[in-house]
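Chemist:
Residue numbers (the numbering used here), protein chains in the order written: chain A, 2 to 231; chain B, 87 to 208.
Set out below in structure tokens:
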């Protein structure tokens, strides 16, 4: 039995079955917090804990599923291209919005980090949290943070945006599809984009765009951030 | 077969982008570079939308499930955060909401402003 679990079949199957179950649960309960992504993570972790199956064994299949993230990111060019005219027409608001969001994000981490008395290693690891994982790890390294911690923060930021995004945008009466999509992507990168795609074609495209632009703007801001840290 | 060929094309673009990223040590990830390259190829009409959209739509539709194994893997290293967890959840939560709201509001206001000016000039 344990030998069988040690093949890719196990992780792939568990992930997909958990996601199916989770989709069904979240359709029944209709709670934003209980979205398929979060619920299936909990189901998989619960299953592994209960059966005592090693995470390494799960990852043999799990890594096959997450492998597709790479081509899927390239594929995000398609919704982006479909909205190309809309994008060109609103280029200035989009770039200004992403820059404002990125700067506010960095400033908020600084202020709260100092307020909560976090050490500079943790603050540096937190700063790139809204960018996509590979960019975030690189920035974390440059700032003297811990890239492994950064991965956790990046994912938490993504999941958080995935969960609260739709509701939060509603509360603040952000109804414009471009604004909604860019806000999701700027705050919560690719995970937020997965949610933005469910919200609509324009939202998904704009969120995809924001992943790249937020990363580039954050990279440009790093030397300035360094001045503040030292 | 069409979807397979389209998927192949996306993989070729991904491979080239990762190679370029590696050779030139670019500060953006290969996957994001691949997105930019594919977009460029479509904008300059080198690749028609029809040549990739089937596979791309399938991939994008299943984006959520691809994050599941990553999330599962990270939960096992959550012990790294011991002692800080509550303040970190607060900081990440507040910061991400502030970013989302300021970004969204800024863009919505600017677009409204531009639309008004466009109408005014008509």
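Yeah, the Cβ is synthetic: ideal placement off N, Cα and C, and Gly gets one too.
1) Quick one: which chain B residues come within Cβ less than 9 Å of residue 283 of chain A?
2) What residues from chain A crowd round residue 93 of chain B, counting only those whose CB sits closer than 8 Å?
3) Roughly how many angstroms separate the alpha carbons of residue 117 of chain A and residue 110 of chain A, rounded to a whole number?
4) Can you check which of these residues, A:81, A:23, A:167, A:46, is closest to residue 187 of chain B by C-alpha distance?
5) So, does the CB of residue 194 of chain A fall closer than 9 Å to a CB anywhere in chain B?
6) I need the DSSP call for residue 87 of chain B, collapsed to helix, strand or coil.
7) What do you get for residue 154 of chain A, buried or exposed, if any count of 16 or more other CB atoms within 10 angstroms of its CB means buried?
8) Does any residue of chain A bring its CB to less than 9 Å from the CB of residue 205 of chain B?
9) Where residue 164 of chain A and residue 105 of chain B are concerned, what is the direct C-alpha to C-alpha distance, given to the nearest angstrom?
10) Chain A partners of residue 159 of chain B, CB-CB under 8 Å?
11) Please list, in chain order, the chain A residues whose beta carbon lies closer than 7 Å to that of residue 139 of chain B.
12) How is residue 148 of chain B classed by DSSP in three states: helix, strand or coil?
13) Chain C beta carbons: is any one of them nearer than 9 Å to that of residue 129 of chain B?
14) For residue 5 of chain A, does the three-state DSSP call read helix, strand or coil?
15) Quick one: residues in its chain with C-beta nearer than 6 Å to the C-beta of residue 124 of chain A, no 5 flanking neighbours on either side, listed in chain order?
16) Between residue 107 of chain A and the rest of its own chain, which residues show a CB-CB distance below 8 Å, the 5 nearest in sequence each way excluded?
17) Give a yes or no on whether 9 Å exceeds the smallest Cβ distance from residue 153 of chain B to chain A.
18) Does residue 135 of chain A come out as helix, strand or coil in the three-state DSSP assignment?
19) If I follow the unbroken alpha helix (DSSP H) through residue 156 of chain A, where does it start and stop?
20) Just the C-alpha distance for residue 93 of chain B and residue 196 of chain A, rounded to the nearest angstrom, thanks.
21) With a cut-off of 8 Å, do at least 3 Cβ pairs link the region 204 to 216 of chain A to the region 126 to 145 of chain A?
22) Can you tell me whether DSSP reads residue 165 of chain B as helix, strand or coil?
23) Does any residue of chain B have a CB that is nearer than 9 Å to the CB of residue 93 of chain A?
24) Give, in chain order, every unbroken run of the alpha helix (DSSP H) that is at least 4 residues long and sits entirely within the region 96 to 129 of chain B.
25) Does residue 132 of chain B have its Cβ less than 9 Å from a Cβ in chain A?
26) Could you tell me whether any Cβ in chain B is nearer than 9 Å to the Cβ of residue 31 of chain A?
27) Assuming residue 72 of chain A is part of the alpha helix (DSSP H), what are its boundary residues?
28) Under a Cβ-count criterion, where at least 16 other Cβ atoms within 10 Å of its own Cβ denotes burial, should residue 120 of chain B be classed as buried or exposed?
29) Any C-beta of chain B sitting closer than 9 Å to the C-beta of residue 85 of chain A?
30) Sort A:160, A:172, A:87 by Cα distance to residue 157 of chain B and report the nearest one.
31) The region 215 to 228 of chain A: which residues have C-beta closer than 7 Å to a C-beta of chain B, in chain order?
32) Residue 73 of chain A and residue 146 of chain B look like a contact to me (Cβ under 8 Å); what is the Cβ gap, rounded to whole Å?
33) With a cut-off of 8 Å, do at least 3 Cβ pairs link the region 168 to 185 of chain A to the region 197 to 211 of chain A?
Modeler: Looking at the coordinates:
1) Here chain A comprises residues numbered 2 to 231, so residue 283 of chain A is not present and cannot be evaluated.
2) Counting from 1 along the second chain, the entry for residue 93 of chain B is found at position 7. By Cβ distance, chain A contributes 72.
3) Position 116 of the first chain, counted from the first residue, corresponds to residue 117 of chain A. Position 109 of the first chain, counted from the first residue, corresponds to residue 110 of chain A. Cα to Cα, the separation comes out at about 10 Å.
4) Position 101 of the second chain holds residue 187 of chain B. Measuring from the Cα of residue 187 of chain B, the nearest candidate turns out to be A:167.
5) Stepping through the first chain from its first residue, residue 194 of chain A is reached at position 193. Closer than 9 Å: yes.
6) As a position in the second chain, residue 87 of chain B is number 1, starting the count at 1. Reduced to three states, the DSSP call for residue 87 of chain B is coil.
7) Within the first chain, numbered from 1, the residue matching residue 154 of chain A stands at position 153. Buried.
8) Numbered from 1 along the second chain, position 119 holds the residue referred to as residue 205 of chain B. Chain A contact via Cβ: absent.
9) On the first chain, position 163 is the one that residue 164 of chain A refers to. On the second chain, position 19 is the one that residue 105 of chain B refers to. Approximately 35 Å, taken between the alpha carbons.
10) Locating residue 159 of chain B in the second chain gives position 73, where the first residue counts as 1. Under the 8 Å cutoff, chain A gives 56, 60, 63.
11) Indexing the second chain from 1 puts residue 139 of chain B at position 53. 79, listed in chain order.
12) On the second chain, residue 148 of chain B is found 62 positions in, with the first residue counted as 1. Looking at residue 148 of chain B - three-state DSSP - the assignment turns out to be coil, as it is neither helix nor strand.
13) Reference to chain C is not applicable here, since the protein chains of this structure are A and B.
14) On the first chain, residue 5 of chain A is found 4 positions in, with the first residue counted as 1. Note: residue 5 of chain A maps to helix in three-state DSSP.
15) Looking up residue 124 of chain A in the first chain gives position 123. Excluding positions up to five away in sequence, the list reads 114.
16) In the first chain, residue 107 of chain A corresponds to position 106, counting from 1. Excluding positions up to five away in sequence, the list reads 128, 219, 222, 226.
17) Counted from its first residue, the second chain places residue 153 of chain B at position 67. It does; some Cβ of chain A falls within 9 Å.
18) Here the question's residue 135 of chain A lines up with position 134 in the first chain. Residue 135 of chain A: helix per DSSP, three-state reduction.
19) Counting from one through the first chain, the residue named residue 156 of chain A turns up at place 155. It spans 148 to 172 - the alpha helix (DSSP H) in which residue 156 of chain A sits, taken as one unbroken run.
20) Residue numbering aside, residue 93 of chain B sits at position 7 when the second chain is read from its first letter. Residue numbering aside, residue 196 of chain A sits at position 195 when the first chain is read from its first letter. Their backbone Cα atoms lie some 23 Å apart in a straight line.
21) yes
22) Against the second chain, residue 165 of chain B aligns to sequence position 79. Of the three classes helix, strand and coil, the one that applies to residue 165 of chain B here is helix, per DSSP.
23) Counting from one through the first chain, the residue named residue 93 of chain A turns up at place 92. Interface residue, yes.
24) 116 to 129
25) Within the second chain, numbered from 1, the residue matching residue 132 of chain B stands at position 46. By this cut-off, residue 132 of chain B is not an interface position.
26) Taking the first residue of the first chain as 1, we reach residue 31 of chain A at position 30. No, its Cβ sits nowhere closer than 9 Å to a Cβ of chain B.
27) Residue 72 of chain A sits at position 71 when you count from the first residue of the first chain. Per DSSP, residue 72 of chain A belongs to the alpha helix (DSSP H) from 70 to 76.
28) For the purposes of this step, residue 120 of chain B is taken as the residue at position 34 of the second chain. Label assigned to residue 120 of chain B: buried.
29) What you label residue 85 of chain A is simply residue 84 of the first chain in a count that begins at 1. Yes, residue 85 of chain A counts as interfacial toward chain B.
30) By 1-based counting over the second chain, the position of residue 157 of chain B is 71. That would be A:160, whose Cα lies nearest to the Cα of residue 157 of chain B.
31) 216, 217, 220
32) Here residue 73 of chain A refers to the residue found at position 72 when the first chain is read from its first residue. Here residue 146 of chain B refers to the residue found at position 60 when the second chain is read from its first residue. Correct: roughly 6 Å between the Cβ atoms.
33) yes
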